Structure formats: structure tokens, C-alpha cells
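A.B. asks: This is the structure I want to talk about, given as C-alpha cells.
In our numbering, the protein residues as written are 5 to 517.
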């Protein structure tokens, strides 16, 4: 069903009658037919109440301050709460649920948060309604009321209206319904404001799209915030963004897009900071290592935030000059200099030099090699590490370390590019990226980890994370690493790849760190 809303005629300009106010207090702007029932409409509206970012990219989320049906919703109220509106009564409808939310903007330096009351109504009794084809027409209403006294106080992301009403009417006899949207304006002049009309069209279109999608059987496949509450990560991200974003973008030394990299790594840093807050409450942070650290930005941000760690990559980057720091010598440092960013090649313990010809290893620069052993407990970060992605849980198991792996491009343990097949017996269509994520999780489980998953809120389509912060319950045995490596194809060819890379990077960098 294409979205082609109708504008009400003059005699149907109001679908709602609020008791105690003028008949045209609420003005309908658009209506549209639908094939989804009342439960689907309510479910869609609850999702939009909790996730206002679906309607506008100017918002991060909504914090639920109060909810009649959820005693856990008890966040601190802001001073804006003093402008809470009176609860309206509507003819033939009864209030069923009251929620209060705080809209959180993406840029708090530009826009203020806004507190809003959200009300759910339905028929006062099952016998009340308009009769059509001898069936009762069910009416369900959801109303948004901002906690503001005047239109001049509204932030940019919210339409300047006293209230927004979403009405769903359903006729069971013909299995058809209608949705409509009404505004309560501050003045009659607002009826002609083009921006408000566009906003009304968009708001109703979102409900139509989500409702019709659910009626057709669509189910959300991506679940965010499985490990850390959205509020914590986004609040930390906001602090990091305010502290670092501008200077990092202005001082960008690479040829790549600065905004993408800066905002993505700030988001990952925010997630890690909150993850580590749960993992090490009140305890000493054990340090981290970022394998395949690339431009070193994530290491730089975490170091600036007081988390000691380092990173290495096969190729030195321009940005290392400004990000690299010399810190006190620590056990995980690969050389006496203790630089936070180092040019190194990883040669995992299962990769043997035995059998390699003298020609193969001729000119092999051993000074550029890291042996893949880290101090116990060091948190391993593998962010778009490509060839090192499948090795990440194996390295973590060898050194008894927790890890996070954010896969990007598919490689096997030999370093070659591969296209992993979807899991056997899975009826759903799998993309090559989804298959890579599944394979990484599979290796982690075989290494004894409880492979937790999180879809990170970062500006990238490659946003799946596998986290190994705890072992599978009851599994105290040390995994057979050699058997696991052979199960996933072995390492033949990895040494040759490393040797070639060593010679190329040595020539590019003069062999120095």
C-alpha cells in the first residue's frame, strides 16, 4: 500500500473532541487507510516513544522518566518538568497509559533536551463506537504533549505545536482501518506553516510504513544495546565528542574522510569505556592492545581518557607522529621505547618457521615481528583488523585475555581472502559479512569464550562486535589451540605472507619503529 495521504475537508477538520476546549482545538492534517490492527498500532507507537531517533536524526534517544506500566522507569526529572501539561480528556475515550520521556538531542550544545508526556487512550468501553457494517469501530489515540510554556522555547527538532495526536480507527467487519494525525496549534496562523505540514506528513508516513511492515510479517533483525544500556554509551560519546571531535578533525593528517573515522572511533571508545566500567568496577585496569591499529586514533583517544594501552600495525601512518606517546615501560611493550603506536607484524604462536626454506625467510626482518603473546588479562582490541580478525579469539585464548573483535573483511588463518558460507541449516539469507561475523563467533566459542554480541551504534555498516569477556560456564579446560587452528584450515602460507609484508614495510619505513 503506497503512502498517499489525504487532507481532510473543512467539515472533517477535527477527528478529536477534547472536553473543555474549543471544537477545533485539534486540527487534522492528514489521514490514510491501513491494514494493521490496534495491537500493531500500539506496538509501533510504543517503539516510536522509546526511539524518537526513528523520526529524526537530530535526536539520539528518549529516556523514559515515568511509565504507568513500568516501575523501573524512574530517571531523575529535569527542571522542565514543572511545565507538565494537564492531562486532557477526549470524548468517548479513556486514558489507559501515561509515559513521560526526555528527548535527548545529538548535539546538546546546539539543542536542549525536551520533556514530553505521552498518553495512550482507547474506547471508554467496548460497546462505545461508530457502527459500520454492524461492527464496532475501535478507536485508539496516542498524544504527545511537550513540557513547554511558549512556542519560542521549542528546540529545532520539535514542531512548534501544543500537542501531536495520532489516531487509529479499526473496522473489524471489513478488516480495514485508518490512521490520522492532528496538531493542536498555538494560533490559527500556524495552519499555513509549510514546515509543520511537512513534519505532519513525515510523522504519519513513518507510522504507516512501520505498521504495514509489521502487518506483512516484518520482524526487526538487528538488536542494539544488548550488553550496555544505550543511555550510558551515548552520554559518554557526547562527552568525548565535545572534548575531542573538533581538534581531531581539524588536525587530520590522513587522506581519508576525517569525520567518518573520528566519529566512528569516538563511538567505539565510548562503548569500550562503558564495557570496561562493568568489567573492572573499582579495580585496576589491566591495559589494552589494539592489533592492526591502523591510524592509531582509537589508541590515542583511550590513552587520553586514562586507559593505558598500545597498538601496532604492519604499516606506519602519518597520524602516528601526533598520536604517538612514550609511556612508562610496561610488560606488554614490545621494545624499550614503550611507544603507544608501533610498526609490527604479528606471527601467532601456532605459525611455525619449521620447514620454511632459506629463500622464503631470506631478508626476514625479525625486529618487525610480534610473537602474539600478551600479559594475562590484557584487553585485546581487533577493530577492522582484516587478516587478524579470525586470529583474535585464538590469541586471546593463548594469553588468557578478554577481547573485542569488530570484523570487516573476510580472511582465513593463512591471511588469504575468503568468502565464508552461511551456517548450515540456517534458513535465513546470510550476507558475506554476516557469515564472517558468524565464523568469528564460532572460533571464539571453540576457544572457550562466551561469544557475546553487540551491534554498535557507529557510522558504519560493518558494526557487529564479538566480545569475549568471560569463558563458557563450567569450561575450565585450556583449549587445544593446534586442533582449533587445523579445524579452521591451518596456517600454510601465513609465514610467506608475513615475510613478503615484512620486506615491503621495511623498505617503506627504513626498517625503524
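C-beta atoms are modelled at their ideal positions from N, C-alpha and C, and glycine is treated no differently.
As the structure is a prediction and not an experimental result, all values here were calculated from the model.
1. Helix, strand or coil for residue 230, going by three-state DSSP, please let me know.
2. Rounding to the nearest angstrom, what Cα-Cα distance links residue 257 and residue 324 in this structure?
3. Exposed or buried, which one is residue 346 when buried takes at least 16 other CB atoms within 10 Å?
4. Would you call the CB atoms of residue 34 and residue 185 closer than 8 Å?
5. Out of curiosity, what's the CA-to-CA distance linking residue 407 and residue 387?
6. Exposed or buried, what is residue 163 when buried is set at 16 or more other beta-carbons lying within 10 Å of its beta-carbon?
7. Quick check on the DSSP output: the alpha helix (DSSP H) that includes residue 263 runs from which residue to which?
8. Under a three-way DSSP split, which group does residue 391 fall into?
9. Could you tell me the alpha carbon to alpha carbon distance between residue 263 and residue 154, rounded to whole angstroms?
10. Which residues in the same chain as residue 253 place their Cβ atom closer than 8 Å to its Cβ, once the five residues preceding and following it in sequence are excluded?
11. Please determine, among 222, 414 and 7, the residue with the shortest C-alpha to C-alpha distance to residue 205.
12. Can we say the stretch 485–493 touches the stretch 446–460, given the rule of at least three CB pairs closer than 8 Å?
13. Helix, strand or coil for residue 144? Go by DSSP, reduced to three states.
14. Taking the alpha-carbon positions, what's the residue 425 to residue 504 distance?
15. Buried or exposed for residue 467, going by 16 or more other Cβ atoms inside 10 Å?
16. Buried or exposed: which applies to residue 502, given that a residue is buried once 16 or more other Cβ atoms fall within 10 Å of its Cβ?
17. Tell me which same chain residues have a C-beta within less than 7 Å of the C-beta of residue 95, skipping the five on either side of it?
18. Can you tell me the Cα-Cα spacing of residue 300 and residue 240, whole angstroms?
19. Cα separation between residue 41 and residue 209?
20. Which complete alpha helix (DSSP H) runs does the stretch 183–246 hold, if anything under 4 residues is left out?
21. Given a cut-off of 8 Å on the beta-carbon distance, is the pair residue 216 and residue 5 in contact?
22. Answer with buried or exposed for residue 416, where buried requires no fewer than 16 other C-beta atoms within 10 angstroms of its C-beta.
23. Tell me the DSSP secondary structure of residue 473 in three-state form.
C.D. replies: According to the structure data:
1. Counting from 1 along the chain shown, the entry for residue 230 is found at position 226. Reduced to three states, the DSSP call for residue 230 is coil.
2. To locate residue 257, count along the chain shown from 1; it is residue 253. To locate residue 324, count along the chain shown from 1; it is residue 320. Answer to the nearest angstrom: the Cα atoms are 9 Å apart.
3. Translated into the one-based positions of the chain shown, residue 346 becomes position 342. Answer is buried; the Cβ neighbour count reaches 16.
4. By one-based count along the chain shown, residue 34 stands at place 30. By one-based count along the chain shown, residue 185 stands at place 181. Yes. Within cutoff.
5. The residue given as residue 407 occupies position 403 in the chain shown. The residue given as residue 387 occupies position 383 in the chain shown. Using only the alpha carbons, I get a separation of about 10 Å.
6. The residue labelled residue 163 in the question sits at position 159 within the chain shown. Buried.
7. Counting from 1 along the chain shown, the entry for residue 263 is found at position 259. 262–283 is the extent of the alpha helix (DSSP H) around residue 263.
8. By one-based count along the chain shown, residue 391 stands at place 387. Correct three-state label for residue 391: helix.
9. Taking the first residue of the chain shown as 1, we reach residue 263 at position 259. Taking the first residue of the chain shown as 1, we reach residue 154 at position 150. Between the alpha carbons of residue 263 and residue 154 lies a distance of about 36 Å.
10. Taking the chain shown and counting its residues from 1, one reaches residue 253 at position 249. For residue 253, where only same-chain residues beyond five positions count, the Cβ hits under 8 Å are 262, 263 and 266.
11. Indexing the chain shown from 1 puts residue 205 at position 201. Comparing Cα-Cα distances from residue 205 to each of 222, 414 and 7, the minimum goes to 7.
12. yes
13. Here residue 144 refers to the residue found at position 140 of the chain shown. If DSSP states are grouped into helix, strand and coil, residue 144 belongs with the strands.
14. To locate residue 425, count along the chain shown from 1; it is residue 421. To locate residue 504, count along the chain shown from 1; it is residue 500. Cα to Cα, residue 425 sits roughly 29 Å from residue 504.
15. Your numbering for residue 467 matches position 463 in the chain shown. Residue 467 should be labelled buried.
16. Counting from 1 along the chain shown, the entry for residue 502 is found at position 498. Looking at its Cβ environment, which holds 16 or more other Cβ atoms inside 10 Å, residue 502 is buried.
17. In the chain shown, residue 95 corresponds to position 91, counting from 1. Excluding sequence neighbours, residue 95 sits near 21 and 23.
18. For the purposes of this step, residue 300 is identified with residue 296 of the chain shown, where counting begins at 1. For the purposes of this step, residue 240 is identified with residue 236 of the chain shown, where counting begins at 1. Their Cα atoms are separated by approximately 20 Å.
19. Numbered from its first residue, the chain shown carries residue 41 at position 37. Numbered from its first residue, the chain shown carries residue 209 at position 205. The straight-line gap from Cα to Cα measures roughly 17 Å.
20. 198–219
21. Here residue 216 refers to the residue found at position 212 of the chain shown. Here residue 5 refers to the residue found at position 1 of the chain shown. Yes, the Cβ-Cβ distance between residue 216 and residue 5 is below 8 Å.
22. By 1-based counting over the chain shown, the position of residue 416 is 412. Counting Cβ neighbours within 10 Å, residue 416 comes out buried, since at least 16 surround it.
23. Start at 1 with the first residue of the chain shown, and residue 473 comes out as number 469. Residue state, collapsed to three classes: coil.
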